[in-house]
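Peer 1: Sharing a structure with you now.
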Amino acid sequence: MDDVATKIIDILKKHMKEPRDDIGLNTALTDLKIESLDLAMIVFDIEDTFGIEIPYNANEEAADFKTVGSVVDRVRALIESSGAAAAKA
Amino acid sequence: MQGAAVPHRVVVTGLGVVTPIGTTVPQFWDGCKRAQLGISPLDGFDVGDLKILIGAQIRDFDPKTRLKHFQRDKIILHADRYSWFAAAAADEAIKQSGLQVPFKDAYRVACIVGSGAGGLQTMETCYRDLFIHKKRATHPLTLLRFIGSSAAAHVGIEFGVKGPTFATCSACSTAAHAIGIGKDYIRHGLADIAIVGASESVINYGVMRAWQAMHVLSPEGCYPFAKKRNGTVLAEGAGILVLESMAHAKSRGAKILAELCGFGMTSDSKDMVNPDIDGPSEAMRLSLEDAELAPSDIDYLNAHGTATTINDRNETNAIKHVFGKHAYNLAVSSTKSMHGHPLGAGGGIEAVACIKAMQDNWVPPTIGLDEPDADCDLDYVPNQGRAKEVTYAMSNSFAFGGLNAVLIFGPAPA
Chain H
1 MDDVATKIID ILKKHMKEPR DDIGLNTALT DLKIESLDLA MIVFDIEDTF
51 GIEIPYNANE EAADFKTVGS VVDRVRALIE SSGAAAAKA
Chain R
1001 MQGAAVPHRV VVTGLGVVTP IGTTVPQFWD GCKRAQLGIS PLDGFDVGDL
1051 KILIGAQIRD FDPKTRLKHF QRDKIILHAD RYSWFAAAAA DEAIKQSGLQ
1101 VPFKDAYRVA CIVGSGAGGL QTMETCYRDL FIHKKRATHP LTLLRFIGSS
1151 AAAHVGIEFG VKGPTFATCS ACSTAAHAIG IGKDYIRHGL ADIAIVGASE
1201 SVINYGVMRA WQAMHVLSPE GCYPFAKKRN GTVLAEGAGI LVLESMAHAK
1251 SRGAKILAEL CGFGMTSDSK DMVNPDIDGP SEAMRLSLED AELAPSDIDY
1301 LNAHGTATTI NDRNETNAIK HVFGKHAYNL AVSSTKSMHG HPLGAGGGIE
1351 AVACIKAMQD NWVPPTIGLD EPDADCDLDY VPNQGRAKEV TYAMSNSFAF
1401 GGLNAVLIFG PAPA
């Protein structure tokens, strides 16, 4: 697991009432008992940690956030595109 | 309003406070007994160029200890400080009432917990983040933290209240209005139980600057009715009561602490800051009429007593106007001299002081009263509390805007 994944799992743990040590890329967020407000706080923390903005609307079902791995992929893509944007600028 | 055929009598079965002189009712009352001063140099934030450097802050309150057993409300520890105070005071009051939570008929329970200002600590942080630190975003819970109804909602969620749940907002009369409305709901059959009161936590740089600009804060201390008084001192805290219909309380064998027998409210409708005698007098008179009592029945009056030049003189005159000669037999005190001015929460904390005075037949003092103002010539129980039989107690709350609310507490009905 790379640095992005480790950091994201740490953020998830921080927001869980009872943090677990068996969280992997295939773990479903629903299994972590993450509710809508927790998700808002997790997104905020991830954005702060990686200096990115995650387009996300609490009114919509977020397919990107089904598993830990899908969150990691999404964040990695956003980091890359923001890095590309920064390189262009 | 749908009315009960015979209005219900309303009793108090639980008390809860968080104050600068004690963060539970026993600690607070012990503080009153010891004439404890809750005012000290401001702490916990950068005072920068503030000219007013004192306040009545709560220093020994740990939400992680006080609220760790909360079950239903999952985000209470993420809430604003004002919601923490409300939650802790409500928890104490409900525990004392002995009511089983969640309630059997949750739709018959009201939760009216006000705040004069809401989560201003949160707003201060949010604006600093955005405007000074140029942060990308505010904390996602900023909105839920600052709205003025969040304390009521947090308390309602934790205790499973499903009836009327909202906040009152009337500056320094906020708690008294909440308590009075709860009384009316029970009296007229809209609820059997009401969790009522208010909470406040606004001591930060920005709010201090706003108050400082009004020139009504004292740089030295809160000395109600004293010749040397030169303004009030901001405080924080919460005061919550559990009210029930007498029939409901008796049917479950609850210990009744007092009857809430009178409520009167008026508005001066004249000026934002200069009170008149008529509005406060009429609120006191209406509360006596509601309680079916004569002025001479009142033994103790917990004054609004803010220590501003104008309030204390005006309140004294209004008391004389309502009570006539009996004004000089009354024990009148301002507990704000000890716990400071907790704005909207004042009426809740002071209601608790009234009920404790009745329980113990002991009236709390007005401390710092070395030399009374010539215009303030009543018995303000100077410096030390004293034994006095208290059968009926009145609590005054008079707010900016001329918003007046008065409560009367009496003995538990036989």
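Respectively, the protein sequence lines represent chains H and R.
For the record, in the first sequence the residue sitting at position 2 is 2 according to the working numbering, with numbers rising by one throughout.
For the record, in the second sequence the residue sitting at position 339 is 1339 according to the working numbering, with numbers rising by one throughout.
For glycine and all other residues, C-beta sits at the position ideal for the given N, C-alpha and C.
1. Are Arg1009(R) and Glu1236(R) touching if we call contact CB-CB under 8 Å?
2. Could you give the residue range of the alpha helix (DSSP H) that holds Leu1077(R)?
3. What residues in its chain sit with their C-beta under 7 Å from that of Ile46(H), if we drop five residues either side in the sequence?
4. Is Val1406(R) helix, strand or coil by DSSP?
5. According to the Cβ coordinates, are Gly1401(R) and Ala1079(R) closer than 8 Å?
6. How would you label Met1214(R), buried or exposed, when you count the other beta carbons within 10 angstroms and need 16 or more for buried?
7. Buried or exposed: Arg1066(R), going by 16 or more other Cβ atoms within 10 Å of its Cβ?
8. I need the straight-line Cα distance from Tyr1392(R) to Ile1181(R), nearest angstrom please.
9. Taking only beta-carbon atoms, is Glu80(H) less than 8 Å away from chain R?
10. Taking the alpha-carbon positions, what's the His1421(R) to Asp1105(R) distance?
11. To the nearest whole angstrom, what separates the beta carbons of Ala1283(R) and Ala1405(R), a pair I think is in contact under 8 Å?
12. Residues in the stretch 32-48 of chain H with C-beta within 8 Å of chain R's C-beta atoms, listed in sequence order?
13. So if I threshold CB-CB distances at 8 Å, which residues from the stretch 1121-1139 of chain R count as touching chain H?
14. How about Val1012(R) and Leu1190(R): are their beta carbons less than 8 Å apart?
15. Is any beta-carbon of chain H found at less than 8 Å from that of Ile1075(R)?
16. Grouping DSSP H, G and I as helix and E and B as strand, with all else coil, what is Ser1245(R)?
17. Can you give me the start and stop residues for the beta strand (DSSP E) that Asn1302(R) sits inside?
18. Would Leu1141(R) pass as an interface residue toward chain H - the criterion being a Cβ-Cβ separation below 8 Å?
19. What is the DSSP secondary structure of Thr1168(R), reduced to helix, strand or coil?
20. Can you tell me whether Thr1306(R) is helix, strand or coil according to DSSP?
Peer 2: In terms of the structure at hand:
1. Within the second sequence, residue 1009(R) is the residue found at index 9, counting from 1. Within the second sequence, residue 1236(R) is the residue found at index 236, counting from 1. Not closer than 8 Å, so no.
2. Numbered from 1 along the second sequence, position 77 holds the residue referred to as residue 1077(R). Leu1077(R) -> no alpha helix (DSSP H), and no H or E assigned at all.
3. Here residue 46(H) refers to the residue found at position 46 of the first sequence. So the list reads Ile8, Ile11, Ile54 and Val75, once near-sequence residues are dropped.
4. Your numbering for residue 1406(R) matches position 406 in the second sequence. In the structure shown, Val1406(R) sits in a strand (DSSP, three-state: E or B).
5. For the purposes of this step, residue 1401(R) is taken as residue 401 along the second sequence, with counting starting at 1. For the purposes of this step, residue 1079(R) is taken as residue 79 along the second sequence, with counting starting at 1. Contact: no.
6. Taking the second sequence and counting its residues from 1, one reaches residue 1214(R) at position 214. Its Cβ having fewer than 16 others within 10 Å, Met1214(R) is exposed.
7. Start at 1 with the first residue of the second sequence, and residue 1066(R) comes out as number 66. The residue in question, Arg1066(R), is buried, as its Cβ has 16 or more Cβ neighbours within 10 Å.
8. Within the second sequence, the letter at position 392 stands for residue 1392(R). Within the second sequence, the letter at position 181 stands for residue 1181(R). Their Cα atoms are separated by approximately 20 Å.
9. Numbered from its first residue, the first sequence carries residue 80(H) at position 80. No, Glu80(H) lies away from the interface with chain R (no Cβ there is under 8 Å from its Cβ).
10. Residue coverage of chain R in this structure runs from 1001 to 1414, which leaves residue 1421(R) outside it and unanswerable.
11. Residue numbering aside, residue 1283(R) sits at position 283 when the second sequence is read from its first letter. Residue numbering aside, residue 1405(R) sits at position 405 when the second sequence is read from its first letter. With 8 Å as the limit, Ala1283(R) and Ala1405(R) qualify as a contact, their Cβ atoms being about 6 Å apart.
12. Glu35, Leu37, Ala40, Met41, Val43, Phe44, Glu47 and Asp48
13. Arg1136, Ala1137 and His1139
14. Mapped onto the second sequence, residue 1012(R) falls at position 12. Mapped onto the second sequence, residue 1190(R) falls at position 190. No, the pair does not count as a contact, with Cβ atoms beyond the cut-off.
15. For the purposes of this step, residue 1075(R) is identified with residue 75 of the second sequence, where counting begins at 1. Yes, contact with chain H.
16. Residue 1245(R) sits at position 245 when you count from the first residue of the second sequence. Of the three classes helix, strand and coil, the one that applies to Ser1245(R) here is strand, per DSSP.
17. Against the second sequence, residue 1302(R) aligns to sequence position 302. Asn1302(R) -> beta strand (DSSP E) spans Tyr1300 to Asn1302.
18. For the purposes of this step, residue 1141(R) is identified with residue 141 of the second sequence, where counting begins at 1. Chain H contact via Cβ: present.
19. As a first step, residue 1168(R) is located in the second sequence; it is residue number 168 there, counting from the start. Coil, per DSSP.
20. On the second sequence, residue 1306(R) is found 306 positions in, with the first residue counted as 1. The answer is coil: DSSP assigns Thr1306(R) none of H, G, I, E or B.
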